[in-house]
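Here's the structure, in structure tokens; my notes come after.
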Amino acid sequence: MAEVSIEICGVRFPSAAINAAGAKDVSAGDLEALGQSEAGAIVIKTTTKAFRSGNDLPRWHTDGMGSINSMGLPNLGIERYLELVPVLRRWNKPLIASVSGIEEGDNEEMIAAYDKAGVDMIEVNLSCPNLAGKGQLGYDLDASREMLASCRKITKRPMGAKLPPYFDGFQFERMAAVLKETGADFVVTINSVGNTLIIDPEKEEKMIAPNGGFGGLGGSYVKPISLANVHKFSQLLDLPIVGVGGVSSGVDAFEHLLAGASAVGVGTALVNEGPAVFTRLNAELRTVLEEHGYDGPAAARGKLKDKTGTPAGKETPATQAR
Ligand code: DHB
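Numbering (this note's numbering), first residue to last: 84 to 405.
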């Protein structure tokens, strides 16, 4: 029987399938349900210093292909999540914090607090697409470098970056160089594809209300983009990658592993199905791993072949960050 457990940055995960930050992980009840589920970790909603109710409703829409959202970082605020850390410990699975400061210095302050509270890993979200008046940090290399370098000084715990999707070879290479230079321990890719639009043709309306109807796209719509980002970063970096985007079956998770992911994050499918999705995904992942002769996720990692059947392998970056 193939196993689904993995180890990333010295941390043991009971399953390679975890929740993506932002999907059913805001309230204490959401987080408890993730603890109780077969999810491989508990990822806490991307946190700001203060409580945020988020954007106006409707701010989420899902269809057969995926989802669009403009949540606007609804979260309980750091103080409440710090109280929950020791409570959530009892589920004996990794606790992962995600931060997205609004003001300068917020990320450093929150990372220090989460570090002290004893979370296992910390994700710096460089890619929330839904904050009015704020660009995504991950599309500004200098700002990303500065932010990651500053955060790196605060914690020795495994710290990684959650990246927006990239579409250009230079962007991959330059961001990979930034991650190396600033000592990131892991990569989470991709966040939702920002500023997309879904239209209801019957009503002749936009599907969501905030941000002029624009929102981050997730689910099956984005799987080819997430696979490309996972694969590129796995070729450019020797870091564990959490592949996020379009994972709604064990086969989707397997594709992410082949592309180079060590673990997968589940967003849209978790919102659609609830935490029981992890029971289904783990069973499906075991089956597909076994069918392909792998004894676990680590064995399948990076096993993708080119069309000719030769291993896809690594890449030498043609450019440097500067
Ligand atoms: C939010 C949306 C996202 O797609 C994301 O990755 C992080 C945050 C949000 O608007 O809350």
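Every residue gets a Cβ at the ideal spot worked out from N, C-alpha and C, and that includes glycine.
In whole angstroms, give me the CA-to-CA distance for residue i and residue j.
i: V325; j: E86; result: 18 angstroms
i: P323; j: V270; result: 6 angstroms
i: G221; j: V182; result: 14 angstroms
i: L224; j: T272; result: 16 angstroms
i: G184; j: G328; result: 23 angstroms
i: R95; j: M242; result: 16 angstroms
i: N190; j: K236; result: 12 angstroms
i: P358; j: L117; result: 6 angstroms
Suppose the cutoff is 6 angstroms on Cβ atoms and the five residues either side in sequence are ignored; what does the same chain contact list for residue i look like?
i: A289; result: As written in the sequence, residue 289 is Lys, which differs from the Ala given in the question. Excluding residues within five positions, the ones whose Cβ falls inside 6 angstroms are G296.
i: R135; result: L156, P157 and N158
i: H314; result: A342 and G343
The beta strand (DSSP E) spanning residue i covers which residue range?
i: T351; result: Per DSSP, T351 belongs to no beta strand (DSSP E); it is in the alpha helix (DSSP H), T351 to E356.
i: S181; result: L178 to V182
i: H144; result: W143 to D146
Helix, strand or coil: which one does DSSP assign to residue i?
i: A401; result: Its pLDDT being 49, under 50, A401 is placed unreliably in this model, and the value from its coordinates should be taken loosely. Looking at A401 - three-state DSSP - the assignment turns out to be coil, as it is neither helix nor strand.
i: G243; result: strand
i: G112; result: helix
i: K386; result: coil
i: E421; result: There is simply no residue 421 to check, as the chain begins at 84 and stops at 405 in what is shown.
i: D251; result: coil
Could you check whether the Cβ of residue i sits closer than 7 angstroms to any heavy atom belonging to the ligand DHB?
i: P307; result: no
i: P97; result: no
i: G147; result: no
i: P141; result: no
i: T131; result: no
i: L387; result: no
i: L340; result: no
i: L156; result: yes
Since residue i is in the alpha helix (DSSP H), which residue starts that stretch and which ends it?
i: S309; result: K306 to L319
i: N278; result: Taken as a continuous stretch (DSSP letters only), N278 belongs to no alpha helix (DSSP H), being part of the beta strand (DSSP E) at V276 to T279.
Tell me which residues share the same chain as residue i and place their Cβ nearer than 8 angstroms to its Cβ, disregarding the 5 neighbours each side in the sequence.
i: P141; result: M290, I291 and A292
i: M230; result: N190, V207, L209 and L220
Apart from the five residues on each side of it in sequence, which residues of its chain come closer than 7 angstroms, Cβ to Cβ, to residue i?
i: G201; result: V168
Any Cβ of chain C within less than 8 angstroms of the Cβ of residue i?
i: Q318; result: Protein chains in the displayed structure number just one, and chain C is not present.
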